[in-house]
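Below: one structure, written as structure tokens.
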Amino acid sequence: MWRDHLTEIIVFTLLFLLVSAMGFVAARWRAPRDMAHLDEWGLGGRSFGGWITWFLVGGDLYTAYTFVAVPALIFGAGAAGFFAVPYTIVIYPLVFLVLCRLWSVSHRHGFVTPADFVRNRFDSPILALLVAITGIVATMPYIALQLVGIEAVLKTMGVTGDSALARHLPIIIAFAILAAYTYQSGLRAPALIAFVKDSLIYIVILVAVVYLPYKLGGWGSIFDAADAKFKASPAPGDGILLNANNQLQYVTLAFGSALALFLYPHSITGVLASRNRDVIKRNMSALPAYSLLLGLIALLGYMAIAANVKPLPGAKAGSVDGNTVVPLLFDSQFPDWFAGVAYAAIGIGALVPAAIMSIAAANLFTRNIYKEYLKRDASPAQEANVSKIASLVVKVGAVACIVFLDPQFSIDLQLIGGVIILQTLPAVALGLYTRWFHRGALIAGWVAGMGLGMWMLYQIGNPATGKKHFAGSAFPLSEFGFDTKKTIYVGIVAVLVNLAVAALLTLVLRATKVADGVDGTTPDDYFADEGDPRVIPGTERDADSAREPVA
Numbered sequence: 002m003w004r005d006h007l008t009e010i011i012v013f014t015l016l017f018l019l020v021s022a023m024g025f026v027a028a029r030w031r032a033p034r035d036m037a038h039l040d041e042w043g044l045g046g047r048s049f050g051g052w053i054t055w056f057l058v059g060g061d062l063y064t065a066y067t068f069v070a071v072p073a074l075i076f077g078a079g080a081a082g083f084f085a086v087p088y089t090i091v092i093y094p095l096v097f098l099v100l101c102r103l104w105s106v107s108h109r110h111g112f113v114t115p116a117d118f119v120r121n122r123f124d125s126p127i128l129a130l131l132v133a134i135t136g137i138v139a140t141m142p143y144i145a146l147q148l149v150g151i152e153a154v155l156k157t158m159g160v161t162g163d164s165a166l167a168r169h170l171p172i173i174i175a176f177a178i179l180a181a182y183t184y185q186s187g188l189r190a191p192a193l194i195a196f197v198k199d200s201l202i203y204i205v206i207l208v209a210v211v212y213l214p215y216k217l218g219g220w221g222s223i224f225d226a227a228d229a230k231f232k233a234s235p236a237p238g239d240g241i242l243l244n245a246n247n248q249l250q251y252v253t254l255a256f257g258s259a260l261a262l263f264l265y266p267h268s269i270t271g272v273l274a275s276r277n278r279d280v281i282k283r284n285m286s287a288l289p290a291y292s293l294l295l296g297l298i299a300l301l302g303y304m305a306i307a308a309n310v311k312p313l314p315g316a317k318a319g320s321v322d323g324n325t326v327v328p329l330l331f332d333s334q335f336p337d338w339f340a341g342v343a344y345a346a347i348g349i350g351a352l353v354p355a356a357i358m359s360i361a362a363a364n365l366f367t368r369n370i371y372k373e374y375l376k377r378d379a380s381p382a383q384e385a386n387v388s389k390i391a392s393l394v395v396k397v398g399a400v401a402c403i404v405f406l407d408p409q410f411s412i413d414l415q416l417i418g419g420v421i422i423l424q425t426l427p428a429v430a431l432g433l434y435t436r437w438f439h440r441g442a443l444i445a446g447w448v449a450g451m452g453l454g455m456w457m458l459y460q461i462g463n464p465a466t467g468k469k470h471f472a473g474s475a476f477p478l479s480e481f482g483f484d485t486k487k488t489i490y491v492g493i494v495a496v497l498v499n500l501a502v503a504a505l506l507t508l509v510l511r512a513t514k515v516a517d518g519v520d521g522t523t524p525d526d527y528f529a530d531e532g533d534p535r536v537i538p539g540t541e542r543d544a545d546s547a548r549e550p551v552a
């Protein structure tokens with residue numbers, strides 16, 4: 002009953018209202034020149050410094066889904082859930098130089114999305130369209146997963162009902178408020194709120210990793226309880242250590258997830274909002290601090306086992322909702338007021354990335370579908386208006402995913418999203434370093450990688466949930482004829498096939514002298530920095546002087 006959680010509800014509500022007010026105030030934060038422009042509404046004026054970018058990108062990548070789903074996976078499956086820790090460490094050195102080049106060429110040409118860059122680099126509106134659609138499709142389930150985190154908290158506090166409307170009404174209200182202040186303030190809203198969100202998460206986790214082991218008998222008792230649970234399981238899996246059959250899956254999933262992380266449009270949006278290249282360099286060096294926090298968050302799964310937490314029932318009869326593990330742990334072990342703070346951290350942790358994701362998806366639609374195919378002469382004000390409306394549609398779609406789909410299915414969709422977004426790696430990431438790939442070959446590679454990835458995902462079932470298809474991303478190698486029980490991450494196989502097809506077809510197309518368009522960038526574009534002149538593609542005008550400052 003919600004009356005038993007009244008203190009938690011009050012604390013949660015007050016903090017939620019505080020960040021909502023900050024979201025509306027953000028429209029006037031940092032003196033925007035003209036909010037009727039994607040540079041201001043969608044990229045915060047491209048003016049964020051080190052601290053803002055650190056909180057924004059960190060808040061974008063470490064979400065409510067991270068807070069509830071990673072510990073839930075470790076609670077249910079053991080060591081396999083720790084794949085999320087190494088991949089967030091591996092990624093930063095990989096993208097250190099790549100993102101600097103992307104920022105520079107985007108700064109020079111006024112690109113707002115990765116598809117803008119692909120369109121200019123390869124002179125291919127079709128390839129840019131594929132990149133845009135891929136980004137939108139991969140982002141939608143990610144937004145829905147933020148709602149899963151909020152729903153887990155509300156369910157723990159008893160703020161849900163039996164009917165579909167009663168169960169989802171609080172989430173609908175929360176996202177309506179999010180939609181309102183995102184519409185008004187654009188990227189400035191999640192950037193400002195990220196300070197509160199990340200501060201709350203750091204406080205909650207640091208208190209938890211000190212207080213909970215003390216209360217539960219120490220780390221030795223926690224790991225012993227987890228080990229005993231997995232050994233007693235009727236279907237033993239990894240336990241607190243990986244078994245041999247899952248090691249290949251663990252490595253490829255971690256590496257594949259690392260490659261996918263900064264291909265997501267919302268990750269790139271946070272980077273493009275940075276003021277200069279030095280901001281990006283400092284952030285790529287400092288962001289691993291979030292990975293330390295993620296490792297501590299993951300351990301909450303083992304703490305929940307030691308605390309004998311029992312997940313709440315799921316949507317289907319006889320099922321359990323593993324996402325409630327962390328909220329229930331806080332509810333049982335902390336005073337009500339601190340549990341309310343923890344719930345607010347999870348709830349606000351959903352709003353920041355959801356806002357950035359919806360803005361990024363809306364920018365892709367506006368720049369690479371609406372302007373490219375529907376209204377080529379759209380003014381900056383029209384672009385901004387369309388992007389605002391598109392961001393609302395994206396949020397409605399995310400809510401629909403939660404209302405009409407089982408939450409577990411949404412999580413499976415996020416794993417599928419990683420496979421999908423990886424297929425943009427040759428055009429976006431490698432395209433920043435080389436123009437060797439033929440645009441036609443890149444399109445063919447995308448088709449091959451996407452087709453194989455979808456076929457592999459279709460073959461994956463889960464007897465435990467009764468799903469026969471699209472039930473994860475671990476593909477059994479026995480399906481390829483190998484005599485083994487090992488599995489591999491679908492995304493790695495698909496992107497390798499993508500690259501192989503693109504490379505082989507490039508050789509064929511070059512040999513047959515098929516036209517390959519004109520590269521709209523120059524070598525020095527990839528080293529441009531703050532203060533360097535900006536150009537509007539197809540004109541001789543300086544983009545900075547083309548916009549009159551607002552008094």
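One gets the numbering used here by counting positions in the sequence shown from 1 and adding 1 to each. All C-beta atoms, glycine included, are put in the ideal place defined by N, C-alpha and C. Just so we're clear, the structure is a prediction, and the values are computed from it rather than from any experiment.
Could you compute how far the alpha carbon of Lys156 sits from the alpha carbon of Thr325?
8 Å
Report the rounded CA-to-CA distance for Lys396 versus Leu170, giving the unit in angstroms.
15 Å
Thr325 - DSSP class collapsed to helix/strand/coil:
helix
Helix, strand or coil for Phe476, going by three-state DSSP, please let me know.
strand
Step through the CB atoms of chain D and report whether any lies within less than 8 Å of the CB of Tyr93.
Absence of chain D from the displayed structure is noted, only one protein chain being present.
Just checking my contact of Gly43 with Gly187 at CB under 8 Å: how many whole Å lie between their CB atoms?
6 Å
Considering only the beta carbon of each residue, do Glu384 and Pro126 sit closer than 8 Å?
no
Backbone secondary structure at Pro314 - three-state DSSP:
strand
Cα-Cα, which of Leu505, Tyr459, Val86 is closest to Leu62?
Val86
The alpha helix (DSSP H) enclosing Ile204, as first and last residue numbers
189-216
Cβ-based burial, Gly323 [other Cβ within 10 Å; buried from 16]:
buried
Minimum C-alpha distance to Leu262 - residue among Val58, Asp525, Leu510:
Val58
What do you get for Gly492, buried or exposed, if any count of 16 or more other CB atoms within 10 angstroms of its CB means buried?
buried
Among residues of its own chain, excluding the 5 on either side of Pro214, which ones have a beta-carbon nearer than 7 Å to its beta-carbon?
Trp220, Ile223
Tell whether a beta-carbon distance below 8 Å holds between Ser392 and Thr183.
yes
Where Tyr490 and Leu16 are concerned, what is the direct C-alpha to C-alpha distance, given to the nearest angstrom?
39 Å
Limits of the unbroken alpha helix (DSSP H) element including Thr485
It is not in any alpha helix (DSSP H) - Thr485 carries neither H nor E in the DSSP assignment.
Inter-residue spacing [alpha-carbon to alpha-carbon] between Ile10 and Leu98:
45 Å
In DSSP terms, what Phe49 is bridged to:
Ser275
According to DSSP, Lys468 sits in a beta bridge with which residue or residues?
Asn463
Suppose only complete runs of 4+ residues qualify. What are the alpha helix (DSSP H) ranges in the stretch 374-436, listed by chain order?
381-405, 408-423, 426-429
Beta carbon of Gly60 nearer than 8 Å to that of Ala195:
yes
Residues in its own chain within less than 7 Å of Ala356 by CB, not counting five upstream and five downstream?
Leu179, Thr183, Ala190, Pro191
Glu9, enclosing alpha helix (DSSP H) - first and last residue
7-26
Tell me the DSSP secondary structure of Thr367 in three-state form.
helix
Tell me which residue opens and which closes the alpha helix (DSSP H) that Glu41 is part of.
39-42
Mind checking which residues open and close the alpha helix (DSSP H) that includes Leu243?
Element bounds for Leu243: n/a, residue is neither H nor E.
C-alpha distance - Met304 paired with Ser292, whole-angstrom precision
19 Å
As an exercise, report each continuous alpha helix (DSSP H) stretch of at least 4 residues that is fully enclosed by the stretch 94-131, in chain order.
115-123
Alpha carbon of Lys311 to alpha carbon of Val26, nearest angstrom
41 Å
Compute the distance between the beta-carbons of Trp437 and Thr507, then report whether it is under 8 Å.
yes
Does DSSP put Asp520 in a helix, a strand or coil?
coil
Could you tell me whether the Cβ atoms of Ile1 and Pro115 are closer together than 8 Å?
No answer is possible for residue 1: it lies beyond the span of the chain, which begins at 2 and ends at 552.
Where Tyr459 falls, given that 16 or more other Cβ within 10 Å makes a residue buried:
exposed
Between which two residues does the alpha helix (DSSP H) carrying Leu301 extend?
301-307
Nearest residue (CA-CA) to Ala299, options Ala70, Glu531, Leu18, Pro464
Ala70
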